[in-house]
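>
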Amino acid sequence: MSHQGAKRIAVVGAAGIVLMGITGILHAAGAAPGAFDLDGEYTVPAFFSAGLLLLAATTVFAMARGEAGPDRSLLILIAAAFAFLAFDELLSIHERIDIRTDVDWQVLYLPAGVGFLWAIWRLTRSLGRRTPESLMIFAGLGAWVVAQVLEAAVYSEVTPSLIDPEAMISEEINDISHSLSYYTLAIPEELLEMGGSLLLAVAFAAALHRVAARSH
2 MSHQGAKRIA VVGAAGIVLM GITGILHAAG AAPGAFDLDG EYTVPAFFSA GLLLLAATTV
62 FAMARGEAGP DRSLLILIAA AFAFLAFDEL LSIHERIDIR TDVDWQVLYL PAGVGFLWAI
122 WRLTRSLGRR TPESLMIFAG LGAWVVAQVL EAAVYSEVTP SLIDPEAMIS EEINDISHSL
182 SYYTLAIPEE LLEMGGSLLL AVAFAAALHR VAARSH
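This note's numbering puts the first residue of the sequence shown at 2, with every later residue one more than the last.
#1: Do the CB positions of A80 and V61 come within less than 8 Å of each other?
#2: Alpha carbon to alpha carbon, what distance is there between V155 and L27?
#3: Which residue from E191, R211 and E96 puts its Cα closest to that of I23?
#4: So, G197 versus W122, is the Cβ gap smaller than 8 Å?
#5: If you drop the 5 nearest sequence neighbours on each side, which residues of the same chain put their C-beta closer than 6 Å to that of R73?
#6: When you compare only the Cα positions, how much space is there between T44 and F117?
#7: Got a sec, what are the start and stop residues for the alpha helix (DSSP H) L142 sits in?
#8: When you compare only the Cα positions, how much space is there between G52 and A148?
#9: If we ignore side chains and look at the alpha-carbon of each, how far apart do F205 and V13 end up?
#10: Compute the beta-carbon to beta-carbon distance between L55 and A16, rounded to the nearest angstrom, for a pair I have assumed lies under 8 Å.
#11: For L209, collect the residues of the same chain with a Cβ closer than 7 Å to its Cβ; drop the 5 residues on either side in sequence, then sort them by chain order.
#12: When we look at the beta-carbon of F88 and count the other beta-carbons within 10 Å, is it buried (16 or more) or exposed?
#13: Compare the beta carbon distance of M221 and M195 with 8 Å and say whether it is the shorter of the two.
#14: Using the beta-carbon count (16 or more within 10 Å), is I177 buried or exposed?
#15: Give me the residue from I10, R9 and I18 with the minimum Cα distance to L193.
#16: Just verifying my parser: in three-state terms, what is the DSSP assignment at Y43?
#17: Exposed or buried, V108, counting other C-beta atoms within 10 Å across all chains shown (16 or more means buried)?
#18: Can you tell me which of the three DSSP states P34 falls into?
#19: Expressed to the nearest angstrom, what Euclidean distance is found between the alpha-carbon atoms of L151 and Y184?
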């Protein structure tokens with residue numbers, strides 16, 4: 002992928018996030034259909050967010066094809082993690098697990114998260130920790146972390162005040178009309194996740210270009 006390709010991803014992705022934000026706010030205000038619910042399943046924002054993660058997965062896998070040894074295994078691990086996160090984003094797997102186990106999904110995902118961060122740390126060492134690509138990777142991960150803090154606040158503070166989780170199944174919880182306090186946290190959380198995913202996709206696209214140029 003060329004350097005211009007990474008720039009196109011950044012521009013198109015940023016425009017998409019702005020559009021998802023506007024339509025998501027309109028949906029929260031009752032002026033747009035459920036297809037634009039930022040926190041829903043099989044919605045336009047869900048497909049867009051999953052697409053950003055799949056783009057990151059595809060780019061990392063392309064990097065893995067040109068590598069050998071331990072770095073190749075790390076890249077395949079990272080690509081697989083992005084692919085899983087894409088399906089998780091589309092199907093809200095983590096939220097289903099959270100509801101059915103009554104254990105915060107962040108706790109259940111912690112071992113996998115530690116392994117993912119270890120792989121990213123190893124990879125950024127080979128890229129150079131102060132390069133633009135690595136700095137974008139760290140910024141993307143930072144946006145994800147802040148987003149998860151907001152999500153934890155939604156499900157630990159806002160949602161229990163609206164519903165009785167013991168009396169409702171996940172489908173009913175998903176369909177419930179949310180309050181302003183819910184959307185105040187949920188909308189920034191979803192947009193931060195998209196922003197983090199975009200930064201990661203752009204970073205790996207740029208890294209792919211640099212690695213390809215170096216090999217030639």
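The beta carbon of each residue, even a glycine, is placed where N, CA and C say it ideally should be.
Taking the coordinates as given:
#1: yes
#2: 20 Å
#3: E191
#4: no
#5: A65
#6: 27 Å
#7: P133 to A154
#8: 18 Å
#9: 16 Å
#10: In fact, because the Cβ distance is near 18 Å, the residues do not count as touching under 8 Å.
#11: M2, T60, A63 and M64
#12: exposed
#13: This structure does not reach residue 221, given that the chain is present from 2 up to 217, and the question cannot be answered.
#14: Note that I177 has pLDDT 49, beneath the 50 cutoff, so the model's placement of it is unreliable and the number below is only indicative. Under this definition I177 is an exposed residue.
#15: I18
#16: coil
#17: exposed
#18: coil
#19: 11 Å
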